[in-house]
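Below is one structure, written out as structure tokens; the observations come after it.
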Ligand code: FAD
Ligand code: SF4
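In the working numbering, the protein residues as written are 26 to 542.
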């Protein structure tokens with residue numbers, strides 16, 4: 026067999042021919058290697074949509090590799106010789122092809138990068154890990170930025186990124202004179218609701234490749250959560266661009282106003298639904314930001330919506346990646362609030378009478394999607410108040426969303442939503458009672474509980490657990506300027522009522538079904 030120079034490994038979230046792994050690709054001596062393995066879908070109990078999204082996107086990408094006449098070794102999940110684990114498959118490939126070097130772009134997961142290093146070392150083959158150019162800020166650049174700041178805050182990182190890139194900048198000043206227009210955003214739909222004319226995201230009916238994949242996933246992972254009945258996602262770079270253009274044309278102008286709002290049976294509202302396309306590298310974040318910035322300059326979308334959206338990508342998305350790589354591997358074990366409860370079963374099967382959670386978990390199971398506030402202020406908030414072990418919460422988020430890749434999922438879960446990192450991602454825990462959910466959605470109208478009651482049969486569990494949380498963490502919250510006012514409200518509550526809240530929270534935790542999955 027002809028000696029292979031580079032074995033170019035392409036993982037499921039590295040689907041770009043423009044990546045640095047292909048910079049010096051030589052058709053005559055290099056080989057592209059891709060593998061579908063069951064282990065990547067079972068190390069957490071992955072949603073069927075997440076599995077199918079990765080596999081279908083990989084198979085479509087493989088077609089592109091073939092169309093370029095690049096040599097490709099593609100290991101299919103349904104191949105009877107498939108070993109089921111990435112490390113075993115790679116070991117076998119190295120033994121067969123004996124490449125001089127393995128070439129790969131920086132993986133999105135610490136576990137995978139460690140595995141690659143081990144396998145390469147064991148095989149005695151050089152490993153060339155190349156920079157991921159899809160990010161504006163490299164791992165090293167973020168680490169240097171973090172070193173320069175005694176306290177890490179996304180807002181300051183974001184401003185530095187605006188200055189560095191010139192995005193939404195005018196003569197070294199932020200366009201419009203402000204860095205952040207959130208004060209103009211965050212409306213609820215009020216009683217009237219979002220109306221009947223909500224522009225649904227463009228649908229991409231499954232083609233033959235996707236149909237094969239969905240059949241394979243249903244057959245191979247029948248007991249995994251979720252359904253593929255609603256699978257209509259963009260699985261190629263071309264479709265991802267259509268999804269982006271559809272968002273910019275139809276939903277971006279109202280994105281800012283309603284980015285925090287929630288409404289029954291309306292999972293997408295004015296959100297982009299493009300996170301996974303960027304995470305798998307079907308869509309370059311630069312193209313996204315350019316299209317959105319252009320919409321502002323054309324007068325198509327207001328500055329508050331455009332700035333709010335760009336901050337999610339140029340700010341949050343880059344920031345969480347920096348945090349992940351700067352603090353792994355110890356980050357995963359952080360548990361600043363010493364939370365130890367098991368994750369309630371309803372996270373997997375939606376058997377709950379709390380209507381907000383039934384809605385959000387239901388949409389999650391139906392689409393593998395929930396928008397940011399649903400993740401942060403419904404499922405995340407409940408887990409935080411219930412005191413679920415942050416590793417259990419992390420595993421659920423990594424399993425359940427179509428866009429879940431560890432570098433972005435973990436800081437959002439462990440840090441932002443569970444405050445398990447003690448304040449690295451966010452300056453305070455995101456805590457609220459049921460009244461917040463009542464204000465931002467219509468979920469409470471269909472619920473047997475009352476959002477403003479903390480004790481009694483009709484007490485909203487969020488509200489009971491919120492006050493219980495304030496009491497359990499009173500000292501820590503008192504020491505934080507941003508939560509001091511919140512905790513001060515405890516002084517308005519009688520000793521007897523406090524005891525009743527504690528007891529109700531204790532009974533509620535004890536009665537909650539957990540540990541089935
Ligand atoms: P939009 O609301 O339209 O936002 C536009 C884009 O901004 C998104 O596509 C995304 O790329 C980016 N973005 C927005 N918020 C964030 C954020 N906090 N961090 C990073 N990027 C952001 N996002 C993932 O891509 N994968 C995950 O596994 C993931 N897990 C999360 C877990 C928790 C607990 C929370 C609170 C958030 C998580 N997010 C994750 C961030 C965010 O919820 C999703 O990116 C967003 O809901 C995706 O939907 P969209 O494309 O419609 O986003
Ligand atoms: Fe959720 Fe409480 Fe509202 Fe019911 S009353 S929907 S549990 S916030």
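The beta-carbon is built from N, C-alpha and C at its ideal position, and this holds for glycine as well.
If you check the CB distance, residue 392 and residue 255 come in under 8 Å. Shown here, residue 192 sits in coil according to DSSP, grouped into three states, outside any helix or strand. Counting the other Cβ atoms within 10 Å of the Cβ of residue 483 gives fewer than 16, which makes it exposed. Annotation: the continuous alpha helix (DSSP H) that includes residue 88 extends over 73–92. Taking a C-beta distance under 8 Å as the contact criterion, residue 351 and residue 182 do not qualify as a contact pair. In this structure, the C-beta of residue 342 approaches the ligand FAD to less than 7 Å from one of its heavy atoms. Straight across, the Cα-Cα distance linking residue 204 with residue 335 is about 11 Å.
In the three-state DSSP reduction, residue 403 falls in the helix class (H, G or I).
Secondary structure note for residue 100: it is in no alpha helix (DSSP H), and the uninterrupted beta strand (DSSP E) holding it is 97–100. Beta bridge pairing from DSSP links residue 287 with no other residue. Between the alpha carbons of residue 226 and residue 494 lies a distance of about 38 Å. Residue 492 is bridged by DSSP to nothing; it lacks a bridge partner. According to the DSSP assignment, residue 58 belongs to the beta strand (DSSP E) that extends over 56–60. Segment contact: the region 207–216 against the region 320–336, three or more CB-CB distances shorter than 8 Å; contact assigned. Around the beta-carbon of residue 248, fewer than 16 other beta-carbon atoms lie within 10 Å, marking it exposed. Distance from the C-beta of residue 380 to the nearest heavy atom of the ligand SF4 is below 7 Å.
With a cut-off of 8 Å on Cβ pairs, the region 468–477 is not in contact with the region 511–525, counting fewer than three such pairs. By the criterion of at least three beta-carbon pairs nearer than 8 Å, the region 145–164 is in contact with the region 106–119. Distance from the C-beta of residue 434 to the nearest heavy atom of the ligand FAD is below 7 Å.
When the Cα atoms are used, residue 455 and residue 50 turn out to be separated by approximately 47 Å. Ranked by Cα distance from residue 320, the options 491, 199, 193 are led by 193.
One Cα belongs to residue 374, the other to residue 421, and the distance between them is close to 12 Å. For residue 119, the secondary structure class from DSSP, reduced to helix, strand or coil, is helix. Within the chosen limit of 7 Å, the ligand FAD reaches the beta carbon of residue 405 through at least one heavy atom. Taking residue 428 as the centre and dropping the five residues before and after it, the same chain places the C-beta of 300, 301, 304 closer than 7 Å to its C-beta, in chain order.
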